[in-house]
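Beneath this line is the structure, given in structure tokens, with notes to follow.
Number of protein chains: 2
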Amino acid sequence: MRILITNIGELTTNVAEGDDVCGTLHDVAVLVEGERVAWVGPAADAPDADEIVDAAGRAVIPGFVDSHSHLVFGGDRAAEFEARMQGQKYAAGGIRSTVAATRAATDDELRARLRGFLDEMLAQGTTTVEIKSGYGLDVATEERLVRLAAEVTPEVTFLGAHVVPAEYADRGDEYVDLVTGEMLDACAPHAKWIDVFCETGAFTVPQSRRVLEAGIARGLQPRVHASQLGPGEGVQLAVELGAASIDHGTYLTDDDVTALAASDTVLTLLPGVEFSTRQPYPDARRLIDAGVTVAIACDTNPGSSFTSSMPFCIAVAVRDMRMTVAEAIHAATAGGAAALRRDDIGRIAPGMRADLVLLKSPSRVHLAYRPGVPLVETVWKDGVRFA
Amino acid sequence: MRILITNIGELTTNVAEGDDVCGTLHDVAVLVEGERVAWVGPAADAPDADEIVDAAGRAVIPGFVDSHSHLVFGGDRAAEFEARMQGQKYAAGGIRSTVAATRAATDDELRARLRGFLDEMLAQGTTTVEIKSGYGLDVATEERLVRLAAEVTPEVTFLGAHVVPAEYADRGDEYVDLVTGEMLDACAPHAKWIDVFCETGAFTVPQSRRVLEAGIARGLQPRVHASQLGPGEGVQLAVELGAASIDHGTYLTDDDVTALAASDTVLTLLPGVEFSTRQPYPDARRLIDAGVTVAIACDTNPGSSFTSSMPFCIAVAVRDMRMTVAEAIHAATAGGAAALRRDDIGRIAPGMRADLVLLKSPSRVHLAYRPGVPLVETVWKDGVRFA
Chain B
1 MRILITNIGE
11 LTTNVAEGDD
21 VCGTLHDVAV
31 LVEGERVAWV
41 GPAADAPDAD
51 EIVDAAGRAV
61 IPGFVDSHSH
71 LVFGGDRAAE
81 FEARMQGQKY
91 AAGGIRSTVA
101 ATRAATDDEL
111 RARLRGFLDE
121 MLAQGTTTVE
131 IKSGYGLDVA
141 TEERLVRLAA
151 EVTPEVTFLG
161 AHVVPAEYAD
171 RGDEYVDLVT
181 GEMLDACAPH
191 AKWIDVFCET
201 GAFTVPQSRR
211 VLEAGIARGL
221 QPRVHASQLG
231 PGEGVQLAVE
241 LGAASIDHGT
251 YLTDDDVTAL
261 AASDTVLTLL
271 PGVEFSTRQP
281 YPDARRLIDA
291 GVTVAIACDT
301 NPGSSFTSSM
311 PFCIAVAVRD
321 MRMTVAEAIH
331 AATAGGAAAL
341 RRDDIGRIAP
351 GMRADLVLLK
361 SPSRVHLAYR
371 PGVPLVETVW
381 KDGVRFA
Chain H
388 MRILITNIGE
398 LTTNVAEGDD
408 VCGTLHDVAV
418 LVEGERVAWV
428 GPAADAPDAD
438 EIVDAAGRAV
448 IPGFVDSHSH
458 LVFGGDRAAE
468 FEARMQGQKY
478 AAGGIRSTVA
488 ATRAATDDEL
498 RARLRGFLDE
508 MLAQGTTTVE
518 IKSGYGLDVA
528 TEERLVRLAA
538 EVTPEVTFLG
548 AHVVPAEYAD
558 RGDEYVDLVT
568 GEMLDACAPH
578 AKWIDVFCET
588 GAFTVPQSRR
598 VLEAGIARGL
608 QPRVHASQLG
618 PGEGVQLAVE
628 LGAASIDHGT
638 YLTDDDVTAL
648 AASDTVLTLL
658 PGVEFSTRQP
668 YPDARRLIDA
678 GVTVAIACDT
688 NPGSSFTSSM
698 PFCIAVAVRD
708 MRMTVAEAIH
718 AATAGGAAAL
728 RRDDIGRIAP
738 GMRADLVLLK
748 SPSRVHLAYR
758 PGVPLVETVW
768 KDGVRFA
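Residue numbers (my numbering), protein chains in the order written: chain B, 1 to 387; chain H, 388 to 774.
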């Protein structure tokens, strides 16, 4: 099956051309063959195909790569959100209420919810999503969460070290024993990534190191939640261990920025979190100007960021983190791919997976220029078209 | 035709009950008969109907009343937006580039664009929209704009005094002669409202008074754009003339707030404008606590706010203007109705127009809790169901 998408007014390839990080082409066509992109070139030179899609001058971008989400959970925390908007401060402890609801949910309930979120994301242009466990916090439930996540994505992260559960209060080291022992044994077969929330109120730096090193020893690759609620040593630890990404980075020291710039570790910005917790926005300009590779992700979760909209996150990153629109789109596609160490997604070029989004607008700029407006016309994932 | 929407988990009636400005009911049903609401009550007591819609515990709210938009125009200003996000300041003069594109567009081009925006809005839950002229700025084009707007809404506003067009540069008073003379003659038959942009760079207070009084003399009702770019006397003028609404209000003095609180004039907040121009957000808390009636609208226009998403505006109002979620939803429905002096929309009660939105979520809170996510399941306008 060969599909030709032609009369593309503006194509974001992310194959950089000089100063244009988006590698923008105009008046082009893309040929999809099976689940891969086969050809990109001037519309006038387009080859034949079985199906022709007329983009009518509109924009095409790579599917969004959402490299940070927590999609397998029970319940929601709308009342906590409402209270926070009336002045109550965000605290990581709220995670425990989701843990109770998640443990109480059946596999089928969690699966139905998960599939609902994935449909919602696909309709908004997200073609790859990373999913973390972390609302189980006991061996049986964490195993369920990574197993259910693995049914829908290869990008599964074991985050048993999300927060210390109530039953281990004041016994954090014993909980880390469990996470790095029996829980890791149960979860590692389903996961690609090991993650830890390295933050005051969650896990200390020595505890975080134990978690990450245990995961690495089992063949998992590290990524780290750090510097969300205040500065800390999580970034330095992540860089030292060669983490693919540190996520949040709301509070970064100059040393953190220098270390990131000299590393292969991506800084994943989560604009929905600052939006929904009313925290100050990190300054993406400072990071990009220092040479740090930046990704944007939704961090979909019921506590600190319940959006699943990459366009919303892009708009906020442009407005409040001082990114250009091109940088934000790049961070939400190629940046996410880098944060997942994937070289087959996030760009549109021959050989890449055919993950493409046709927008209703003539330009990608509209994703920030028209915040909140559903602008996704058609999505292809692995060459398969969704409404 | 009688439609019963039943098993509504949370119904926002806006028929206030004590401290609950939203008049929230749980486990209820709404009976629609023709284009009106016929009955609201406990689901268990629901009458028979020709069609039953099972809300399955989800939330229903009144359709959004978007009381401020500029939907009839040609072209867009994506490049200007992109430049602004890289540091260029917003200036009202950019309006003139849209004027050139609008004058060049045919009626059918403008009509197609307008209908596209209305479909987009309806899909996002907006069932009533006010539409202003103001991108013609000559007699023939302004007449076209109000005439095209009147094809789709009764809430048509003549805003010939949007900005002084280039051909009248330094002859603002002469332009006001035209607006209050020949242009008003051509436009008044199609319009309900007279509006003026009372701001440095647009129209002075004496010019604004002339425009509003001329409109009132022709049977139009006044509303005013003021205090968007800096403090001014527009609010006082609006209150003195009994305007239904002053819109923007980004810069308000204490005297402005006092005058508004003692008046029937609504203050219409436009969160998309501050978002998209990176201006400081007005403090809705200060207004509400002082007793001012507040509305939220999108101000959809290609310059300062190209969103058409009331849910997006609600989320920003909650996050950045210190409104509670209930206040923001109320402002986007009953507040908008007050800003249009309409008593048949903005609430759900027997006799009101059947403008209803069934959400995908169990609560209206999710509109702010899940920013950017399309949460509208079904919309009824005048009792007619849209996808």
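No residue lacks a Cβ here, since even glycine has one placed at the ideal position from N, Cα and C.
is_contact[residue i, chain H] using C-beta, thresh 9 Å
i: B/T307; result: yes
i: B/P311; result: yes
i: B/Q88; result: no
i: B/P374; result: yes
i: B/R2; result: no
i: B/H366; result: yes
i: B/S363; result: yes
i: B/M352; result: no
i: B/A79; result: yes
Beta-ladder partner(s) of residue i, from DSSP
i: H/H635; result: H/A613
i: H/A446; result: H/E397
i: B/K381; result: B/V384
i: B/D20; result: B/E17
i: B/R84; result: Partner(s): none; B/R84 has no beta bridge.
i: B/L359; result: B/V376
i: B/V146; result: None, per the DSSP bridge assignment.
Three-state secondary structure assigned by DSSP to residue i
i: B/C313; result: helix
i: B/A191; result: coil
i: H/D432; result: helix
i: H/T680; result: coil
i: H/E561; result: helix
i: H/V752; result: coil
i: B/L31; result: strand
i: H/I775; result: Because chain H here runs from 388 to 774, residue 775 of chain H falls outside it and cannot be looked at.
i: H/S695; result: coil
i: H/A548; result: strand
i: B/T141; result: helix
i: H/S456; result: strand
i: B/D54; result: strand
i: B/R370; result: coil
i: H/L647; result: helix
i: B/Q221; result: strand
i: B/R341; result: coil
i: B/V266; result: strand
Which listed residue (the options) has its alpha carbon closest to that of residue i
i: H/K747; options: H/M739, H/R471, H/E764, H/V760; result: H/E764
i: B/Q236; options: B/L118, B/P350, B/T258, B/D195; result: B/T258
i: H/D731; options: H/M710, H/A431, H/A613, H/K768; result: H/K768
i: H/D686; options: H/S520, H/R423, H/L607, H/V679; result: H/S520
i: H/A682; options: H/A442, H/A725, H/V611, H/A416; result: H/A725
i: B/P42; options: B/T324, B/L31, B/D247, B/E51; result: B/L31
i: H/L674; options: H/C700, H/G474, H/E714; result: H/E714
i: H/P541; options: H/V533, H/V415, H/A736; result: H/V533
i: H/P669; options: H/D453, H/V703, H/N688; result: H/V703
i: B/G57; options: B/R36, B/A29, B/D20; result: B/A29
i: H/G602; options: H/A589, H/T591, H/V563, H/G619; result: H/V563
i: H/A556; options: H/H577, H/F590, H/A578; result: H/F590
Neighbour flag for residue i against chain B, beta carbons, 9 Å
i: H/S484; result: no
i: H/D463; result: yes
i: H/R757; result: yes
i: H/G659; result: yes
i: H/E586; result: no
i: H/M570; result: no
i: H/E469; result: yes
i: H/A702; result: yes
Heavy atom of the ligand ZN within 8 Å of residue i beta-carbon
i: B/G87; result: Ligands are entirely absent from the displayed structure, and the ligand ZN is therefore not among its contents.
Members of the segment 431-448 of chain H near chain B, C-beta cut-off 9 Å: Residues of the segment 431-448 of chain H with a Cβ closer than 9 Å to any Cβ of chain B: none.
Using a beta-carbon distance cut-off of less than 9 Å, what residues from the segment 596-608 of chain H approach chain B? For the segment 596-608 of chain H, which is checked against every Cβ of chain B, not one residue is closer than 9 Å.
Members of the segment 317-344 of chain B near chain H, C-beta cut-off 7 Å: Contacts with chain H (Cβ-Cβ distance below 7 Å) from the segment 317-344 of chain B involve V318, R319, T324, V325, listed in chain order.
Please identify, using Cβ separations under 8 Å, the residues of the segment 272-290 of chain B that lie next to chain H, in order along the chain. From the segment 272-290 of chain B, only G272, F275, S276, R278 have a Cβ closer than 8 Å to chain H.
Looking at chain H, which residues of the segment 118-134 of chain B have a Cβ within less than 8 Å of any of its Cβ atoms? Result list: E120, A123, Q124.
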